[in-house]
Amino acid sequence: KQEVTQIPAALSVPEGENLVLNCSFTDSAIYNLQWFRQDPGKGLTSLLLIQSSQREQTSGRLNASLDKSSGRSTLYIAASQPGDSATYLCAVLTGANSKLTFGKGITLSVRP
Amino acid sequence: DGGITQSPKYLFRKEGQNVTLSCEQNLNHDAMYWYRQDPGQGLRLIYYSQIVNDFQKGDIAEGYSVSREKKESFPLTVTSAQKNPTAFYLCASSPLGGSGDTQYFGPGTRLTVL
Chain X
116 KQEVTQIPAA LSVPEGENLV LNCSFTDSAI YNLQWFRQDP GKGLTSLLLI QSSQREQTSG
176 RLNASLDKSS GRSTLYIAAS QPGDSATYLC AVLTGANSKL TFGKGITLSV RP
Chain A
70 DGGITQSPKY LFRKEGQNVT LSCEQNLNHD AMYWYRQDPG QGLRLIYYSQ IVNDFQKGDI
130 AEGYSVSREK KESFPLTVTS AQKNPTAFYL CASSPLGGSG DTQYFGPGTR LTVL
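Heads up: the protein sequence lines correspond to chains X and A, in order. Each residue of the first sequence is one higher than the one before, counting from 116 in the working numbering. Each residue of the second sequence is one higher than the one before, counting from 70 in the working numbering.
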């Protein structure tokens, strides 16, 4: 059974800091890995999707990497801003039925 | 204006009552999903559907039921058999079958049992 782990559960950093959020998964037979953002009381917004054949994806200040063989992904946020404060969830897509398995998320707080 | 809508935003239920959460999408996506989110927890899959008139149980289907009579609609009924229904419910949709396809999420419904 696929399990996705995100540690720590919460992180607080000062504005401007570069930071890395980690995600690990137990079964490397994935189709893709996705990072989502969730604001309090809201739905999820897709940030980056890395297909199993890719190593990384970039969007603006965000860069996500994937090491499928070791079951790890990182989300790098450059020059963090208070508006980046949210919960970041990692999810992997496995199986023929497009089933996403989610981690519990990392709640990020960026202090002005 | 394309997207996924969920209603209501907040729902209160008395014990023993069934309630139905609405999910509609105009993205022409084949697949639709229902997830449950509890505080400090990741999303857990309740039911999913890849085609009209067909659906499959997810990891925590007990106490829930769904229907898929139309491509754009996938309502979720929380029955009285669900012992701990207070949670945040999220609906999602995606195109079918592509490994590069993400899931698009609605804004969620917060259900509280009184």
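Every residue gets a Cβ at the ideal spot worked out from N, C-alpha and C, and that includes glycine.
For LYS219 of chain X, the nearest beta carbon of chain A is closer than 8 angstroms to its own beta carbon. Within the segment 79 to 134 of chain A, the complete beta strand (DSSP E) runs of at least 3 residues fall at 79 to 82, 88 to 94, 100 to 106, 112 to 120 and 123 to 126. Measuring C-alpha to C-alpha distances from VAL225 of chain X to each of X:SER127, X:ASN178, X:ASP142 and X:GLY218 identifies X:SER127 as the nearest.
Shown here for TYR173 of chain A: same chain residues with a beta carbon closer than 7 angstroms to its own, the five before and five after excluded, namely ILE73, LEU96, ALA161, SER162 and SER163 in chain order.
For LYS157 of chain X, the nearest CB of chain A lies under 8 angstroms from its own CB, placing it at the interface with that chain. Pairing LEU114 of chain A with ASP128 of chain A gives a Cβ-Cβ distance under 8 angstroms. Straight-line spacing of the CA atoms in ALA179 of chain X and GLU118 of chain X works out to 19 angstroms. In terms of Cβ geometry, THR209 of chain X and ILE165 of chain X do not form a close pair [threshold 8 angstroms]. Put simply, the CB of PHE143 of chain A is far from chain X, with every gap to its CB atoms at 8 angstroms or more. Going by beta carbons, LEU159 of chain A and TYR104 of chain A fall inside the 8 angstroms limit.
Less than 8 angstroms separates the beta-carbon of ALA201 of chain X from that of ASP154 of chain X. A Cβ-Cβ separation of about 32 angstroms leaves GLY186 of chain X out of contact with PRO176 of chain A under the 8 angstroms criterion. At least one C-beta of chain X is nearer than 8 angstroms to the C-beta of LEU114 of chain A.
Per DSSP, the unbroken beta strand (DSSP E) holding THR178 of chain A starts and ends at 178 to 182.
Residue state for PRO129 of chain X is assigned as strand, using DSSP reduced to three classes.
The alpha carbon of THR141 of chain X has as its nearest neighbour, out of X:ILE192, X:GLN169, X:VAL207 and X:GLY220, the alpha carbon of X:VAL207. With a contact defined as Cβ atoms closer than 8 angstroms, VAL135 of chain A and ASN87 of chain A miss out at about 13 angstroms. Separation of PRO129 of chain X and ALA193 of chain X (C-alpha to C-alpha, rounded to the nearest whole angstrom) is 12 angstroms.
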